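First the structure, in the form of structure tokens, and then the observations on it.
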């Protein structure tokens, strides 16, 4: 018999006083609490307020049908309690499963026989409707699931598979099929695996799949060779926007068609205003890392795993306040990762870093073309270089710029931005070192 540790209490009945019928009666509801979340459903019992004993959780004897009505309530509660007690101990009872039990919709065998592919499709549509993924991610995922159905039809004789029959061996066979029949590379295959993995995790949360199977499926990503990312290539050519170009970029904000493009622009501008914050730290930035009142940002950086603290200027705080109002995520500032994402999973974080940056690169590249006179592709890392060049040309000491950029040493800063230092040094000499301890040569004695 299953154990339910997280169920805070047994079910209780509540007289809902917000809906009165013509007889002056209120409907009795039953509710359960799990992890501070409520699962509730209406019963067929209607009574007047004076006929309900809330402390005893039953209809008072003054009601002529009290015995019959109390039997209805007892049966409703006993049926739900039995489902909870019979729930397998090796699986986690989730609020979704509990709610289906309370509503009388729960059927473990029926749910396990649900089409796994349809579950993946429904999950993609749900993520898209809640704006957790974009239309391109949704469409690519749906196309991948169509191929998965073709694989099932060719290999198993049917284009569907139940949740109960879904195993890691199926995924292994699918990977081989994609390689041999479709000649797909690892990166392409990985993209098609993502909706399957998300569906497996969802099934596990609902108690329809063993967590061990879902975990095994989620570990099927194939290794891929990746080029050195923009943010790792600090010593490459420095591409930056001039003040005029940055102004043109900002002017496009209210002109672009898609809200998601504006969100990517927010991230670029925040990276610039937040002292050249790298994309990896934009990705992993949490609300706990920022203090809007004190204008402070404090987090352990992705690169080097070193603590970093900066003062945020008014523009950076303004962007954060806009995102605070969006309420897109309770944890991550720019909602690029799900709230329950495990930051300790280095491989998954690396994969997400690449995947999430891809659509941003596409959008920024298009914006760069609209600016009109760029000789390079606009990327998130351009925001970092733009900040550094602006800071140096505005006379900020190179040692301070180095600290704001979180470089390992000032020598890194000097190496990367060497060609911008002469202009800065010239200004330093002209404005701060222009001493004049020379004699008046015009009045020297003969």
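Residue numbers (the UniProt record's numbering): 1 to 446. Every residue, glycine too, gets a C-beta built ideally from N, C-alpha and C. None of these values were measured; they are calculated from a predicted model.
DSSP, read as helix, strand or coil, puts residue 262 in helix.
Of 275, 77, 215, the smallest CA-CA separation from residue 405 is found for 275. In this structure residue 117 is not in contact with residue 151, their Cβ atoms being roughly 10 Å apart against a cut-off of 8 Å. In the displayed model, residue 241 falls within coil according to three-state DSSP, outside both helix and strand. Straight across, the Cα-Cα distance linking residue 333 with residue 210 is about 32 Å. For residue 12, no alpha helix (DSSP H) segment is defined; the enclosing uninterrupted segment is the beta strand (DSSP E) at 12 to 20. The residue among 283, 271, 23 with its C-alpha nearest the C-alpha of residue 318 is 271. Taking each of 207, 267, 208, 362 in turn and checking the Cα distance to residue 136, the smallest one comes out for 362.
Beta-bridge annotation (DSSP): residue 332 is paired with 286.
Nearest in C-alpha terms to residue 169, of all of 181, 182, 155, is 155.
C-alpha of residue 120 to C-alpha of residue 35: approximately 26 Å in a straight line. In this structure, the alpha-carbon of residue 243 lies about 10 Å from that of residue 249. Residues of the same chain with a CB within less than 7 Å of the CB of residue 286, apart from the 5 flanking positions on each side, are 331, 332, 333 in chain order. Bounds of any alpha helix (DSSP H) do not take in residue 396, whose DSSP letter is neither H nor E. Going by beta carbons, residue 115 and residue 160 fall inside the 7 Å limit. Annotation: the continuous beta strand (DSSP E) that includes residue 41 extends over 37 to 47. By alpha-carbon distance to residue 277, the top candidate from 146, 383, 128 is 383. Approximately 19 Å separates the beta-carbon atoms of residue 200 and residue 176; this is outside 8 Å, ruling out the contact.
In this structure, residue 40 sits near residue 31, with a CB-CB distance shorter than 7 Å. Straight-line spacing of the CA atoms in residue 420 and residue 212 works out to 55 Å. For secondary structure counted as the alpha helix (DSSP H) over 4 or more consecutive residues, the segment 48 to 135 holds these complete runs in sequence order: 66 to 86, 95 to 102, 108 to 112, 116 to 129.
Setting aside the 5 residues that flank it on each side, residue 37 is surrounded in the same chain by 95, each with a C-beta closer than 6 Å to its C-beta; the list follows chain order. Taking the C-beta atoms as reference points, residue 358 is found no nearer than 7 Å to residue 240. Taking C-beta atoms as the reference points, residue 356 and residue 336 count as a pair closer than 7 Å. Contact between residue 320 and residue 290 is confirmed by a C-beta separation of about 6 Å, below the 8 Å threshold. Of 98, 86, 315, the smallest CA-CA separation from residue 296 is found for 315.
In the DSSP annotation of this structure, the continuous segment of the alpha helix (DSSP H) that includes residue 410 starts and ends at 410 to 416.
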